[in-house]
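Protein chains in written order, with the numbering used here: chain C, 2 to 118; chain Y, 2 to 118.
The beta-carbon is built from N, C-alpha and C at its ideal position, and this holds for glycine as well.
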DNA sequence: AAAGCATGACGTAAATATACGACATAGTTT
DNA sequence: AAACTATGTCGTATATTTACGTCATGCTTT
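Below, the structure written as structure tokens:
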């Protein structure tokens with residue numbers, strides 16, 4: 002991301018980082034949770050629920066949409082957002098696999114700081 | 002994080018965002034995977050494996066350490082890093098719960114863009 | 001003690017992220 | 001058509017991130 006030497010990293014690593022970045026702000030985490038809670042996709046109500054200005058929330062929504070985690074659709078005057086459950090499911094697997102490997106590794110340094118390299 | 006109105010968000014949301022942010026860069030994802038792969042905790046070898054300058058890698062290591070995902074320990078001349086499997090396990094559960102809720106929600110907008118708000 | 005080596009801390013430049021107010025756009029209602 | 005409303009885009013100020021070179025520190029080895 003940003004201006005990293007992206008070419009030098011795995012596609013997988015970049016995708017994981019990409020999604021992680023999308024969730025790297027409490028407001029965006031809150032938005033996803035909010036959309037998950039309410040079945041129906043909300044519009045500007047999201048802005049009302051968050052302690053941020055409407056424009057800022059809109060910006061966060063665009064970021065989530067850019068990554069593909071949510072979808073927006075115009076319904077007359079309002080815009081409805083909802084989770085992209087397909088992508089979320091795929092992302093879930095990626096994170097699951099990632100954490101599985103990470104937690105599987107034995108703690109070499111030990112819980113109490115005993116490194117035995 | 003950053004300069005968000007953190008007080009307005011859940012502790013849970015902030016923690017999740019905090020970890021997500023730590024993983025929001027492919028280099029840091031790579032570091033965690035590298036530490037997971039090699040049982041023994043590595044030191045400056047990490048820098049050699051990544052396509053970044055040694056100082057930049059050190060900076061990424063400090064970030065991961067600040068969040069608590071990894072641990073560093075001085076062993077004479079070198080410094081050994083290893084995963085904090087305890088925290089990783091906890092974080093894993095948080096992400097699992099988060100994605101469980103997110104994927105459980107029915108896609109109201111539909112896979113083919115049919116919003117029925 | 002002196003020379004060497006691995007690391008982190010510091011300083012810095014350039015790119016991003018965050019937050020918002022002011023505008024532009026487009027559908028709704030009167 | 002005119003007034004209204006919900007949204008996104010744009011511009012902007014400030015804070016952070018990223019990447020690196022240089023320097024300081026602290027063991028190690030000679």
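If contact means a Cβ-Cβ distance below 9 Å, which residues of the stretch 23-34 of chain Y contact chain C?
Hits within the stretch, in order: 23, 24, 25, 26, 27, 28, 29, 30, 31, 33, 34.
Could you check what DSSP says for residue 43 of chain Y in three-state terms: helix, strand or coil?
Looking up residue 43 of chain Y in the second chain gives position 42. Looking at residue 43 of chain Y - three-state DSSP - the assignment turns out to be coil, as it is neither helix nor strand.
Within the 8 Å Cβ cut-off, does residue 56 of chain C reach chain Y?
To locate residue 56 of chain C, count along the first chain from 1; it is residue 55. By this cut-off, residue 56 of chain C is not an interface position.
Consider the C-beta atom of residue 38 of chain Y and the heavy atoms of the ligand ZN; say whether any pair is separated by less than 7 Å.
With respect to the ligand ZN, the structure offers nothing, as it holds no ligand at all.
Given that a residue counts as buried once 16 or more other Cβ atoms are within 10 Å of its Cβ, and exposed if not, what is residue 75 of chain Y?
Counted from its first residue, the second chain places residue 75 of chain Y at position 74. Exposed, because fewer than 16 other Cβ atoms sit within 10 Å of the Cβ of residue 75 of chain Y.
Does residue 37 of chain Y get closer than 8 Å to chain C when you measure Cβ to Cβ?
For the purposes of this step, residue 37 of chain Y is identified with residue 36 of the second chain, where counting begins at 1. So, interface residue.
Can you list the residues of chain C that residue 49 of chain Y reaches, using a CB-CB cut of under 8 Å?
Numbered from its first residue, the second chain carries residue 49 of chain Y at position 48. Result: empty, since nearest Cβ-Cβ is about 13 Å, beyond 8 Å.
Name the chain Y residues that come within less than 9 Å of residue 78 of chain C, Cβ to Cβ?
Translated into the one-based positions of the first chain, residue 78 of chain C becomes position 77. Within chain Y, no residue comes near residue 78 of chain C; the closest Cβ sits about 12 Å away, beyond 9 Å.
Does the beta-carbon of residue 94 of chain Y have 16 or more other beta-carbons within 10 angstroms, so that it is buried, or is it exposed?
Position 93 of the second chain, counted from the start, is the residue given in the question as residue 94 of chain Y. Classification for residue 94 of chain Y: exposed.
By a C-beta neighbour count over all protein chains shown, 10 Å radius and 16 as the cutoff for buried, is residue 1 of chain C buried or exposed?
One cannot answer for residue 1 of chain C here, as it falls past the ends of chain C, which runs 2 to 118.
Please list the segments of the alpha helix (DSSP H) lying wholly inside the stretch 24-81 of chain C, counting only runs of 4 or more residues, in order along the chain.
List check, alpha helix (DSSP H) in window: 27-38, 46-50, 55-68.
Between the alpha carbons of residue 90 of chain Y and residue 72 of chain C, how many angstroms are there, rounded?
In the second chain, residue 90 of chain Y corresponds to position 89, counting from 1. In the first chain, residue 72 of chain C corresponds to position 71, counting from 1. For residue 90 of chain Y and residue 72 of chain C, the distance between alpha carbons rounds to 31 Å.
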